[in-house]
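Written below as structure tokens is the structure these notes are about.
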Amino acid sequence: MRRFLTSRGVPACAGLSLTAVAAAALLAGCSSSASKPDPYKIGTLPAADVVTQGHAAGHWTRTGGTLQLVGTVTPDSAAQFATALGSGADTVRVTVTGGDLASGLAIGRTIHDRKLNLLIDGACAGPCADYWFPAAATRRGTGSGSWLGYVPDLSETGGATAQQQAAEAKFYTDSGVDAAKFHAALDGQLREVPGGSAAPGAAMWMPTAADLKSLGYSAATVKDLWLPPNLASANAQARAWQQVVAYQNTLVGLPPVPDKGAPAVPAPPAAPAAPKPSKKA
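Residue numbers for the sequence shown follow our numbering, beginning at 264 and rising by one.
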């Protein structure tokens, strides 16, 4: 049965013993540091300006051998990537929350063919997870707080052309991805919440390291990645990045409900005014 956390971080599935985890999920506004222990393994959470940039249209920049994209993938991103690539590049550094799949696939093809490395700086969602992650020669994160967000790819969307679907299928084969296994896992995580729940559907699937291994990625492939290791961590990361995602068959990242203020206490009635003394004739 599909589970989800309420907006207050409380499991909505009866019998789910996650009291401590749910309490930890409320720490979504607090990132860990060396001076503050991280007992629930929340991981470092992004600053507000990083999240804002991550949801805006991204533009490729290059510093030395590293190409970087912060933001969403646009239809022009593949052309911009090809222009910035030049020669001597070896690493792609990303903070990506989603975007154009066709452009992302073209970039993934180049990453694969040029044997570029992938450095995940926070979010790697949408075409970044679907295409760039499997395409890369190596994959690692910049620290605690990196995560993947798989979305339905071109073959699972209604608008993909036959040429795009063929290019995607070849890309998966060349990258060593079992497309059928990937699609089955993704569809299983993104199915609708049963029972007519008022909770919104998940926009993407946030996998664990174990999930990646089940898809065929080796232990060596994922050893340099920090991925959310538990429900509290996934909920905190998803909420910080303003995403509703599926994690271990659970819906996380629902925004918090503002606490309702206590009802106003009516003011006591004013004391009656003292009678004015009467004037004597």
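From the three backbone atoms N, C-alpha and C, an ideal C-beta is built for every residue, glycine too. Note that the structure is a prediction, hence the values are computed from the model and not measured.
Near C391, which residues of its chain fall below 6 Å by C-beta distance, leaving aside the five closest residues on each side in sequence?
V357, V359, listed in sequence order.
Contact between the segment 310-318 and the segment 407-422: three or more CB pairs below 8 Å?
Using a C-beta cut-off of 8 Å, the segment 310-318 makes no contact with the segment 407-422, since fewer than three inter-stretch Cβ pairs fall below that distance.
Measure the C-alpha to C-alpha separation of F344 and D376 and round it to an integer number of angstroms.
If you take the alpha carbons of F344 and D376, they lie about 14 Å apart.
Check: Alpha carbon to alpha carbon, what distance is there between A432 and L348?
Finding: In a straight line, the C-alpha of L348 is about 25 Å away from that of A432.
Q) Taking the alpha carbon of Y303 as the point to measure from, which residue in P338, N498, A465 has its own alpha carbon closest? A) The residue with the shortest Cα to Cα distance from Y303 is N498.
TODO: Measure the alpha-carbon distance for V333 versus A443 and round it to whole angstroms.
DONE: If you draw a straight line from the Cα of V333 to the Cα of A443, it is about 30 Å long.
message = Restricting to Cα atoms, I'd like to know which of M469, Q511, W489 is closest to G361.
response = Relative to G361, the option among M469, Q511, W489 whose CA is nearest is M469.
Return the chain-ordered ranges of every beta strand (DSSP E) run that is complete within the segment 373-431 and spans a minimum of 3 residues.
Counting only unbroken stretches of 3 or more residues, the beta strand (DSSP E) elements lying wholly within the segment 373-431 are 380-388, 402-404, 410-412, in sequence order.
When F434, A386, D312 are compared against P397, the one with the closest alpha-carbon | Cα-wise, what sits closest to P397 is F434.
Cα-Cα separation between A519 and V508, rounded to whole angstroms: Reading the sequence as shown, one finds Pro at residue 519 and not Ala. Going from the Cα of P519 to the Cα of V508 covers about 15 Å.
If we ignore side chains and look at the alpha-carbon of each, how far apart do S323 and D312 end up? The sequence given here has Trp at residue 323, not Ser. Taking the straight line from one Cα to the other gives about 18 Å.
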